[in-house]
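Residues in the sequence shown are numbered consecutively from 10, following the numbering used here.
One structure below.
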Amino acid sequence: MNKLFLLFMWFSSTAIYSQMGINTSNPQATLDIQSKNVSGATKNIDGLLIPRVDRERALNMSQVQHSTLIYVNDVTTGAAAGQASNIDSAGFYYFDETSGKWEKFGKPVVSDLKIPSNVLYARRIGTSLKSGSNVVSPVWFEATDHISNEYVTRVDNGTFAVKKTGLYTFDVWVKFSGIPVGGVSITGSVPNYVSKLGEFAAADRGVALRLTAGSLIIESQGFRWQYGGGDSFMTTTVKLAAGEVFKLDTTTSKSGTYTQLPGAHMSVMYTAIP
């Protein structure tokens, strides 16, 4: 009798510690659950019901094992703190021993990926006559098609201030008429000055754009085409601290006058710094 009992226990242990099947006699994994009805119009429920708890219960569990799975059905109880600090909505959560917290299913794999956001798109709608001979003239952007007040605020028609520290990418374009012929250069000593020469720019072409972003000043020489028409453009990225301002000016060393035309635009993208 004792031998039969021991033999039964041995077979039971083998079954328990090998593979177990539910609705199948041929399990293909440690636990293999097969549905009773793979297809058809039957109304009985097939599925796996995960334990459902509220946030307070998830917060107070002790010695939770790695990969434990729960479904949180109520986040009005307990607090989003400690091991439950990531529980902010109903859903499936698994326990991660490395972080010591419940982690939400569907969380982005690359959580630190910083995606640029467009925070400003402004346009010039007016026309104004400007003087040459190294006179710095602001570019007004009267029309604001898009501005994210979380990141940027308007100071005046041509000046903006940033609210968050990060990388700001500027894409600007300005159109001119009546550009006089002559040498193109900026004279004088300017701190933190960077010069970018436009492609195919020459000594008798263009009005320079001058972007002031925080303590940095960037100048980009433009183009002069037939009959004095032309444009200038610039794309650059600058790190700005909260509270710093940016603005756009035009300038040329040529004597005479030129006209800023409607259609100029400034697009600004923001990227957070990890």
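Here a beta-carbon is modelled for each residue, glycine too, at the ideal position from N, C-alpha and C.
Predicted, not measured: the structure shown is a model, and the values here were computed from it.
{"Item": "Which of helix, strand or coil DSSP assigns to R64", "Value": "helix"}
{"Item": "Nearest-angstrom Cβ-Cβ length linking Q269 and V171, presumed shorter than 8 Å", "Value": "Between V171 and Q269 the Cβ distance is about 24 Å, and since that is not below 8 Å, they are no contact."}
{"Item": "Contact check, L129 vs S229, beta carbons under 8 Å", "Value": "no"}
{"Item": "Three-way DSSP call (helix, strand, coil) for Q92 in this model", "Value": "helix"}
{"Item": "Pairwise C-alpha distance: S48 and N35", "Value": "20 Å"}
{"Item": "Span separating the alpha-carbon of V164 from that of V247", "Value": "19 Å"}
{"Item": "Span of the beta strand (DSSP E), counted from its first residue to its last, around K256", "Value": "V254 to T260"}
{"Item": "For N158, the three-state DSSP class (helix, strand or coil)", "Value": "coil"}
{"Item": "Under 8 Å between C-beta atoms of D231 and A217", "Value": "As written in the sequence, residue 231 is Gly, which differs from the Asp given in the question. Against a cut-off of 8 Å, the Cβ pair of A217 and G231 comes out as a contact."}
{"Item": "Contacting residues, own chain, Cβ-Cβ under 8 Å from A90 (five flanking each side not counted)", "Value": "L68"}
{"Item": "Cβ pair count under 8 Å reaching 3, the stretch 152-159 against the stretch 248-264", "Value": "no"}
{"Item": "C-alpha gap between V190 and T136, whole angstroms", "Value": "21 Å"}
{"Item": "DSSP three-state assignment for V193, whether helix, strand or coil", "Value": "Annotation note: pLDDT 46 at V193 (below 50); position unreliable, coordinate value reported separately. In the structure shown, V193 sits in coil (DSSP, three-state: anything other than H, G, I, E or B)."}
{"Item": "Residue(s) in a DSSP beta bridge with I79", "Value": "Y102"}
{"Item": "G239 - partner residues in DSSP beta bridges", "Value": "F185"}
{"Item": "heavy atom of the ligand MG below 7 Å from S48 C-beta", "Value": "Absence of the ligand MG is noted for the structure shown, with no ligands found whatsoever."}
{"Item": "Start and end residues, beta strand (DSSP E) containing A250", "Value": "Segment: none, A250 is in no beta strand (DSSP E) and carries neither H nor E."}
{"Item": "Opening and closing residue of the beta strand (DSSP E) in which M29 lies", "Value": "M29 to I31"}
{"Item": "8 Å Cβ cutoff met for R219 and T260", "Value": "yes"}
{"Item": "Of the listed residues T280, S186 and N32, nearest to G238 (C-alpha basis)", "Value": "S186"}
{"Item": "N53 in three-state terms, based on DSSP", "Value": "coil"}
{"Item": "Reduced DSSP category for N127 - H, G, I as helix; E, B as strand; rest coil", "Value": "strand"}
{"Item": "Separation of F101 from T85, as counted between CA atoms", "Value": "16 Å"}
{"Item": "I134, enclosing beta strand (DSSP E) - first and last residue", "Value": "Element bounds for I134: n/a, residue is neither H nor E."}
{"Item": "Identity of the residue in L176, L78 and E65 nearest K113 by Cα", "Value": "L78"}
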